[in-house]
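Written below as structure tokens is the structure these notes are about.
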Amino acid sequence: MCALKMHADEAEIDTPLVQRLIARQFPEWAGLPVERLESAGTENAMFRLGGELVVRLPRHPGAVDSIEHEQRWLSLLGPRLPVAVPEPLGRGGAAEGFPWPWSVYGWLDGRNPAVDALEAPETLARELAGFVRALRRVDAANGPSHYRAVPLEARDSATRAALAQLTGAVDTEAVTARWEDALRAPEHTGPPVWAHADLSPGNVLVTEGRLSAVIDFGCTGVGDPAVDLIVAWNLLPAGVRDTFREAVGADDAEWARGRGWALSISLIQLPYYRETNPVLAANARHVIREILAE
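Numbering (UniProt numbering), first residue to last: 1 to 294.
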């Protein structure tokens, strides 16, 4: 069966479809077992193919561009990063009634970390900071802009609209005050740098508590580096946020913008996904609580 749809314009994606696509376009992998992976991801459906491969298919039209985006940029970024990232091994095309391109990647071991049960939070904070620093060091001269490269002010209308939908579900007065604090932070004035731009628990893999991989580079591009600080609130506990901040080297303005990004993303996600994606909705509530507790 297809997983629960989160968007009105989602395609029908199931295991038999993936089996047909593989058999038609990658006959060398035909016959390998196909297993749908449980995921809180909102943009792509993921299927394990045999023991060494994973298939990633866009769920809806808005996710299609990320296929070519990853195919182009992961080969540049991967060798320059301290942990594993997805390695594109094949690019599929529209067929069997599926209308868009799709990708095959090498399988990456690890699991998503449990936000409230990290095995080694301080170590993970330092390793995540190391990943962010390494990504920022990659030459950004010809890099693409990511859709979160805009100033926070550009998200004000959408953030306040989401807040209006959350009356009674969150302390809207307190949350509005935190959001307005973030809007007052000075904008990024330095050169644009690479950012993952979606550094959330679902895109982090750990092995025995250590960072082993970062996945989903569909949003990755150059812009304000503050967006990658969101992991300080969506994953790391309060006790190690200063460790992460020091290791990244964020000043007061960047830290305030990062907090604003974490808050805005969560406020917009919560009303949109609270019925269709309980994992993502729970993390959005977690971020809001963490920011209000500071």
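We put the beta carbon where it would ideally sit given N, CA and C, even for glycine. In this text, all values refer to a predicted model and were calculated from it rather than measured experimentally.
Look at Ser66 here: in three-state DSSP terms it is helix. Ser266 has its alpha-carbon roughly 13 Å from the corresponding atom of Asp156. DSSP places Arg160 in the uninterrupted alpha helix (DSSP H) bounded by 156-165. The DSSP-derived three-state label of Leu263 is helix.
Selection Val214, Arg56, Asp216 evaluated against Thr15 yields Arg56 as nearest (Cα-Cα). Secondary structure remark: continuous alpha helix (DSSP H) runs of at least 4 residues inside the region 67-150, in chain order: 121-137. Judged by DSSP in its simplified three-state form, Gly223 adopts strand. By the Cβ neighbour-count rule, Ala162 is buried, with 16 or more other Cβ atoms within 10 Å of its own. Per DSSP, the beta-bridge partners of Thr207 are Arg210. When the beta-carbon positions are compared, Trp194 and Ala140 come within less than 7 Å of each other. Here Thr189 is exposed, its C-beta having fewer than 16 other C-beta atoms within 10 Å. Less than 7 Å separates the beta-carbon of Ala284 from that of Gln269.
By the Cβ neighbour-count rule, Pro82 is exposed, with fewer than 16 other Cβ atoms within 10 Å of its own.
If you look at Trp179, you'll find it in the alpha helix (DSSP H) that goes 172-183.
When only Cα atoms are considered, Leu166 and Thr159 end up about 11 Å apart. In chain order, Pro201, Gly202, Val204, Leu205 place their CB closer than 7 Å to the CB of Asn112, counting only its own chain and leaving out the 5 sequence neighbours on each side.
By the Cβ neighbour-count rule, Ser145 is exposed, with fewer than 16 other Cβ atoms within 10 Å of its own. Under the three-state reduction of DSSP output, Leu57 falls in the strand class.
Annotation: the continuous beta strand (DSSP E) that includes Ala195 extends over 193-195.
Under the three-state reduction of DSSP output, Glu35 falls in the strand class. Counting along the chain, Asn277 sits inside no alpha helix (DSSP H), nor does DSSP assign it H or E at all. Here Ala45 carries a strand assignment [DSSP, helix/strand/coil].
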